[in-house]
Amino acid sequence: MDISVTHDYQIDLDSILRFFSEEDLITDKYAQLSAKNVKVIAIKETEDGFSVATQRDVPANVPAVLKSMLGSFNTINQSETWHWQDDESLICKMTVEIVGVPAKITGSMLFSEPAKKAGGDVATRNQVTVSVTSAMPLIGSTLVKFISEDIKQQMQSEYEFLLSSAPELAN
370 MDISVTHDYQ IDLDSILRFF SEEDLITDKY AQLSAKNVKV IAIKETEDGF
420 SVATQRDVPA NVPAVLKSML GSFNTINQSE TWHWQDDESL ICKMTVEIVG
470 VPAKITGSML FSEPAKKAGG DVATRNQVTV SVTSAMPLIG STLVKFISED
520 IKQQMQSEYE FLLSSAPELA N
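Okay, so the sequence shown: first residue is 370 according to our numbering, each after it adds one.
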């Protein structure tokens, strides 16, 4: 199942980017989104950007058919690679593992600053795409649907958190 959303912000890309690249802000962001045991495993500079690896435990409101597979909290391992593009946009490729769950989650975020080009009101735009798949027989489609709905809720919660928190960091 594929998910696509666009999030617009009224502040510059560098300010929003801090929530994806600074350990204290990453930890605080996930904690504010109900995660526990948040760990930033690594933040490394690369030739054209940076990479981030995190781990966290997130609450799961699990349907009955999936209770044997998913607990009340799930451990999430997330890896991101961020690359600056020639047009000054920034693309993030991510993989998300829900430990012990037979599903594959991949995605991307494309951050750009449309206001620079068009003089518009949107200072930073994030175009997010996520793909969830499972090869599990019988309950795979139920698992994918549940995970996709949970991801949509998490993305919306993160967006709302950034809308309320990011202006304080604006340059």
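Yeah, the Cβ is synthetic: ideal placement off N, Cα and C, and Gly gets one too.
Bridge partner(s) assigned by DSSP for residue i
i: residue 467; result: 445
i: residue 514; result: Residue 514 pairs with nothing; no bridge assigned.
i: residue 417; result: Residue 417 pairs with nothing; no bridge assigned.
i: residue 478; result: 461, 497
i: residue 429; result: None; residue 429 has no bridge partner.
i: residue 411; result: 422
Reference residue i, options the options, closest by Cα
i: residue 423; options: 376, 466, 506; result: 466
i: residue 390; options: 492, 420, 529; result: 420
i: residue 501; options: 531, 385, 381, 475; result: 475
i: residue 448; options: 460, 455, 506, 464; result: 464
i: residue 462; options: 399, 505, 498; result: 498
i: residue 469; options: 446, 393, 514; result: 446
i: residue 380; options: 504, 508, 491; result: 491
i: residue 383; options: 457, 414, 506; result: 457
i: residue 482; options: 370, 386, 371; result: 386
i: residue 414; options: 493, 510, 451, 388; result: 451
Simplified DSSP assignment, three categories, for residue i
i: residue 456; result: coil
i: residue 523; result: helix
i: residue 491; result: coil
i: residue 507; result: coil
i: residue 535; result: helix
Cutoff 7 Å; reference residue i; Cβ partners in own chain excluding five residues on either side
i: residue 428; result: 403, 441, 442
i: residue 412; result: 390, 392, 419, 421
Close-in-space but distant-in-sequence residues of the same chain around residue i (CB under 6 Å, 5 per side omitted)
i: residue 528; result: 376
i: residue 473; result: 502
i: residue 407; result: 396, 399, 400, 425
Check: residue i C-beta below 7 Å from any heavy atom of the ligand FAD
i: residue 414; result: Looking at this structure, you won't find the ligand FAD or any other ligand, since it has none at all.
Close-in-space but distant-in-sequence residues of the same chain around residue i (CB under 8 Å, 5 per side omitted)
i: residue 532; result: 378
Can you list, in chain order, the stretches of the alpha helix (DSSP H) that have 4 or more residues and sit fully within the stretch 375 to 402?
382 to 390, 392 to 401
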